[in-house]
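Here our numbering is used: the first residue of the sequence shown is 5, the next is one more, and so on. In this text, a Cβ means the ideal position worked out from N, Cα and C, and glycines have one as well. Just so we're clear, the structure is a prediction, and the values are computed from it rather than from any experiment.
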Amino acid sequence: MYSSGIINSINFTDIEIASGVSGIPEVQLSYPNLNNVQIKISISHIEEYAIAFALVSLS
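Take a look at the structure:
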């Protein structure tokens with residue numbers, strides 16, 4: 005997100021992680037003019053540890 009310049013125009017409060025129909029986490033952006041941004045995420049946890057990975061692409 006840094007190299008694309010997106011990070012300069014979006015706040016973390018504009019990003020929501022929601023559960024999709026099949027339970028897969030989905031990213032929902034509430035910031036206008038980001039229709040060309042697609043974000044795929046993976047979230048996992050075990051006991052007190054958690055990890056997340058995001059892949060951002062511009063179309």
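Item                                                                         : Value
Check whether ILE45 and VAL60 have beta carbons under 7 Å apart              : no
CB of ALA56 within 7 Å of CB of ILE50, strictly                              : no
PRO29 to SER23 span [Cα, whole Å]                                            : 5 Å
Per DSSP, cross-strand counterpart(s) of ILE47                               : ALA56
Distance between beta carbons of SER63 and ASN40, contact taken as under 8 Å : 5 Å
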